[in-house]
Each structure stands twice: as structure tokens, then as C-alpha cells.
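Which chain is which? The protein sequence lines are A and B, in order. Mapping the first sequence onto this note's numbering, position 108 (from 1) lands on 108, and the numbers just tick up by one. Mapping the second sequence onto this note's numbering, position 2 (from 1) lands on 2, and the numbers just tick up by one. Structure, as C-alpha cells:
Protein chains: 2
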Amino acid sequence: MPLIRYPQFCALARAAELIGERWTLLIIRELLLGPKRFSDLRSRLPGISSSVLAERLTRLDEADLVQRAHLEPPAASSVYELTGDGRALEPVIFALIRWGARYLFPARPGEQLEPEWIRLVLAAYARKGRTPAHSFEIRMPAGEREVVVHVAGGAKGTAVAQGGSPADATLVADAEAVLGLMAGILRPADALRQGQIRAQGDLEALSVFPHLFDVTEDRR
Amino acid sequence: MPLIRYPQFCALARAAELIGERWTLLIIRELLLGPKRFSDLRSRLPGISSSVLAERLTRLDEADLVQRAHLEPPAASSVYELTGDGRALEPVIFALIRWGARYLFPARPGEQLEPEWIRLVLAAYARKGRTPAHSFEIRMPAGEREVVVHVAGGAKGTAVAQGGSPADATLVADAEAVLGLMAGILRPADALRQGQIRAQGDLEALSVFPHLFDVTEDRR
């Protein structure tokens with residue numbers, strides 16, 4: 001049962017009942033990136049209390065947007081994952097990212113930036129329609145790990161996927177540099193020369209990278 | 001200053017700070033339909049208190065999403081309207097409408113349904129890319145008034161606009177019937193025969209009406 005009910009026969013009001021509470025959109029963001037344990041979710045949402053997170057997950061479960069799954073040993077843990085209706089929120093999240101980006105700067109002191117989020121950002125801005133047929137493996141350091149994203153242009157638009165696959169070029173860069181390259185405000189040649197990114201493979205292809213994205217204002 | 005701050009360098013979190021409070025999305029919906037007085041907004045949002053509405057409008061004003069405008073006499077009243085950044089929320093609202101529609105039925109007892117909302121719904125589902133070049137004037141009774149929407153197919157997709165312009169056919173129908181026609185679950189010929197809609201002009205063109213919309217699931 002949602003926390004609030006709007007007495008309106010309106011699809012927007014129904015959506016606002018289900019995902020309009022504080023933190024809920026950020027929980028959806030984390031689960032769009034993949035199934036997560038309760039403790040993983042908490043570490044991605046500093047400031048949320050255990051009780052609020054548990055309450056939100058219960059409501060999302062009741063609304064059939066999130067479900068629990070149990071991983072096989074050796075993980076042997078319980079995770080939360082999106083259902084089909086939950087994953088169908090992707091266009092909503094992408095539209096919110098595109099709109100909210102105008103408020104991203106300036107960064108505030110101490111803000112968290114998870115490299116994994118960049119995968120959603122790249123997907124939100126992926127150009128539709130034919131894009132140059134070049135592919136890129138992007139490796140972003142994330143603590144002791146690495147977040148790897150595969151970006152490929154093609155006839156049906158730019159595809160963004162998790163993990164490394166063979167690519168024309170491999171980029172090693174931090175999240176900010178990848179955002180700058182995507183937005184066209186950091187030129188690949190400058191970034192290489194200044195050491196903001198490292199690259200292997202077809203370095204010529206790098207100049208194509210910004211063309212795989214459409215950072216213009218949504219037309220409507 | 002938003003009511004909540006998420007300490008995250010994330011466009012989605014920024015958006016959630018600005019429009020993630022209860023009622024705010026519904027206020028944006030009303031203002032996407034046009035400037036409104038405070039009292040107009042209240043009547044469209046039963047259940048909201050004056051103080052909550054005033055508080056939300058103040059925050060939206062501070063965030064430069066909403067601004068006040070003063071109408072010339074004889075209206076001589078003060079209205080709220082969206083700024084450019086506020087209007088830029090349209091793709092977000094459309095994505096939410098498309099997602100939330102799966103939860104629309106069943107209607108709950110006593111729910112409000114404003115015919116003016118149908119304009120946003122038609123726009124949210126308007127098909128992109130070439131659509132049949134037929135135009136329709138839709139007249140929906142709304143109390144003592146009438147809401148008039150113009151829908152036109154064309155090379156650049158279906159356009160949905162406020163007000164009546166010359167059209168191939170004029171439909172008089174209530175909001176539910178228009179939704180049914182749009183979704184393809186009410187056939188125009190059946191609706192005419194059963195008296196759910198009345199029509200003038202090119203009745204042959206009516207069969208085209210559902211093809212002006214795309215009610216399939218968002219692909220991503």
C-alpha cells in the first residue's frame with residue numbers, strides 16, 4: 001500500500017504514488033545497475049537509515065517492482081532485484097537523468113560519485129538511430145575494483161552494456177573524464193595528452209566517441 | 001532550498017531533490033497544461049492543503065522551475081507558470097504517464113478525472129515518425145465548459161495541441177472514450193454506433209485515429 005494515495009484517475013498520479021517517496025528513485029537506480037544485497041544498497045545511499053530502506057523495499061516488493069532472489073553458494077546471500085515492471089522504469093530514470101544533469105554542477109563538497117552510475121548516464125544519452133560502428137571498452141577505477149562498460153555504435157543506435165567485450169579501443173579513465181568525453185567538453189586528444197585518460201587500440205577511433213551520444217536538450 | 005539533499009554527484013539525485021516531494025509532479029502536470037491561479041491549482045489537487053501547495057510553489061519558484069505572472073485586466077489575476085527549465089520536464093512527465101498507465105485500472109471510487117489531462121496523455125503517446133496525414137478536433141465536455149484538443153498526423157509524427165483548428169473530423173466524446181479510442185480498445189465504428197462518441201466531417205478518417213498513437217511498451 002503506497003504511503004500516499006492521490007484520488008485521481010491519472011497515470012501520472014499512479015506513478016507518483018509508487019515511486020514518489022524520498023529515496024525510492026535512488027533505490028531504483030541502484031537496482032537498474034544489477035541485483036544488490038541490503039548492505040550494498042545501504043552503502044550506495046549514505047544518509048538513508050536501515051529502517052527507511054527496509055520500508056521502501058517492502059513497499060516496492062508489495063507493488064511488485066522489486067523481488068528478492070537468493071544467490072547460490074558460495075555467495076549464498078539474498079539480493080533485491082527489479083521485476084519486469086520495475087525494469088520498465090528505465091525510460092523514466094533516463095528522462096530524469098537528462099533533465100537533472102542541468103543541476104549537476106557545481107559539485108558539492110564531499111559528494112559521492114560511483115563509477116557504476118556512469119553506465120546509466122551513458123545509456124541515458126546514447127544516441128538513437130545509426131551511429132558510427134566503433135566500439136569502446138571503458139575501464140573506470142572504483143576503489144580496489146574496476147567498473148567496465150562496453151559502448152558500441154551501430155545501425156540501431158549506440159548500445160551500452162556492462163562488462164568488457166572486444167572493442168576497437170580501451171579507455172582507462174575516471175568517471176569525471178568519461179562524462180567530459182561523452183558531453184564533448186573534454187576532447188579525446190587533449191585528455192590523452194594531459195594524462196586524464198589512457199587508451200589502447202585504435203586511437204583514431206577515439207574522436208568518434210562523443211558522436212555516439214546525444215546531449216542536446218530533449219525535444220519535447 | 002530543497003527539503004532533502006542527497007549527497008551524491010548524480011543527475012538523478014539532483015532531479016529527485018527538486019521534484020521528488022509529494023504533490024510536486026502533479027503541480028507540474030497542471031502547469032504543463034497552462035498557467036493557473038492558486039485557486040485553480042487547489043481545485044485540481046483535492047487533498048492538498050493551502051499551506052502545502054504554497055510551500056511547494058515557493059520551492060519551485062526558488063528553483064526557477066515556476067514563476068509568477070500577472071494577467072492583464074479584465075482577468076487581472078496572478079498566475080503560476082512554468083519556466084523553460086520547468087517545461088523541460090515534459091519528457092519526464094510523459095515517461096511517467098507511459099509507465100504509470102499500467103496501474104490506472106481499476107478506477108477507484110470517487111476518483112477525479114479532468115478532461116484536460118487527456119491532452120497530456122495523447123501527447124505522451126503521440127507516435128513519432130511519419131503518421132497518416134489526418135487531423136481531428138476532439139471536444140470533451142468538462143462541466144459547463146469544453147476541453148478542445150487538436151490531433152494531427154504528419155511527416156514528423158503526431159502533433160497534439162490545445163484548442164480547435166480546422167480538422168478532417170470533429171469528435172465529441174468523454175475522456176474515457178477518447179482514451180479507449182487512443183489505446184485501440186474502443187473501435188471508432190462501435191463507439192459511433194453505440195453512441196459513446198459523436199462525430200462530424202470525414203467519418204472514414206476516424207479509423208486512422210488509433211494509428212496516430214503508439215501505446216506499445218517503451219523499448220528501453
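Glycine included, each C-beta is placed from N, C-alpha and C at the ideal position. Treat the numbers as computed from the prediction; the structure is a model and nothing was measured.
Same chain, Cβ closer than 6 Å to residue i, five either side skipped, listed in chain order
| i | result |
| --- | --- |
| Leu203 (chain A) | none |
| Ile48 (chain A) | Trp23 |
| Phe38 (chain A) | none |
| Arg139 (chain B) | Glu146, Val148, Val172 |
| Ala159 (chain B) | Ala152 |
| Lys161 (chain A) | The question names Lys, but residue 161 (chain A) is Ala in the sequence shown. His150. |
| Leu60 (chain A) | Val66 |
| Ala155 (chain A) | Arg130 |
| Ser165 (chain B) | His150 |
Paired residues, beta bridge with residue i - DSSP
| i | result |
| --- | --- |
| Ser135 (chain A) | A:Ala152 |
| Gln112 (chain A) | B:Gln8 |
| Glu146 (chain B) | B:Pro141 |
| Val66 (chain B) | B:Leu82 |
Extent of the continuous alpha helix (DSSP H) run through residue i
| i | result |
| --- | --- |
| Ser58 (chain B) | The sequence shown places Thr at residue 58 (chain B), rather than the Ser named in the question. Per DSSP, Thr58 (chain B) belongs to the alpha helix (DSSP H) from 50–62. |
| Ala280 (chain B) | Residue 280 (chain B) falls outside the range modelled here, since chain B spans only 1 to 220, and no answer is possible. |
| Ala75 (chain A) | Ala75 (chain A) -> no alpha helix (DSSP H), and no H or E assigned at all. |
| Val92 (chain B) | 90–100 |
| Arg119 (chain A) | 117–125 |
| Ser43 (chain B) | 38–44 |
| Glu30 (chain A) | 24–32 |
Same chain only: Cβ atoms within 8 Å of residue i, ignoring 5 sequence neighbours per side
| i | result |
| --- | --- |
| Val265 (chain A) | Summary: the structure shown does not reach residue 265 (chain A), with chain A confined to residues 1 through 220, and so no result is reported for it. |
| Ala191 (chain A) | Ala173, Ala177, Gly180, Leu181, Ile197 |
| Leu25 (chain B) | Ile19, Ile93, Leu96 |
| Arg42 (chain A) | Ile48, Ser50, Leu53 |
Own chain partners of residue i with C-beta closer than 7 Å, once the 5 adjacent residues on each side are dropped
| i | result |
| --- | --- |
| Arg220 (chain A) | Because Arg220 (chain A) carries a pLDDT of 42, less than 50, the predicted location of this residue cannot be relied on, and the following value inherits that uncertainty. None. |
| Ala11 (chain B) | none |
| Ala16 (chain B) | Tyr6 |
| Arg44 (chain A) | Glu30, Glu114 |
| Leu206 (chain B) | Ala169, Pro188, Ala199 |
| Gly129 (chain B) | Gly157 |
| Pro46 (chain A) | Gln112 |
| Arg56 (chain A) | Glu21, Trp23, Thr24, Ile27 |
| Ala124 (chain B) | Phe94, Ile97, Arg98 |
| Asp214 (chain A) | Tyr125, Arg127 |
| Leu3 (chain B) | Glu21 |
| Ala221 (chain A) | With chain A running from 1 to 220 in the structure shown, residue 221 (chain A) is simply not present. |
| Thr83 (chain B) | Asp64, Leu65, Val66, Gln67 |
| His211 (chain A) | Thr131, Pro132 |
| Lys36 (chain B) | Glu30, Val79, Tyr80 |
Endpoints, the beta strand (DSSP E) within which residue i is located
| i | result |
| --- | --- |
| Leu171 (chain B) | 169–173 |
| Val160 (chain A) | 159–162 |
Contacts of residue i in chain D (Cβ-Cβ under 9 Å)
| i | result |
| --- | --- |
| Leu71 (chain B) | No chain D is part of this structure, whose protein chains are labelled A and B. |
Report task. Go through the region 184–208 of chain A residue by residue and report every complete run of the alpha helix (DSSP H) that reaches 4 residues or more, in order. Result -> 188–193
Report task. Spell out a yes or no on whether the region 62–79 of chain A and the region 104–111 of chain A are touching, meaning 3 or more CB-CB pairs, one atom from each, closer than 8 Å. Result -> no
Query - Contact the region 173–184 of chain B vs the region 50–60 of chain B: 3+ CB pairs below 8 Å - result: no
**Report entry** Given 8 Å, three or more beta-carbon pairs between the region 22–32 of chain A and the region 83–100 of chain A
**Finding:** yes
Query raised in the report: Does the region 77–84 of chain A touch the region 147–166 of chain A, meaning 3 or more C-beta pairs lie closer than 8 Å?
Result: no
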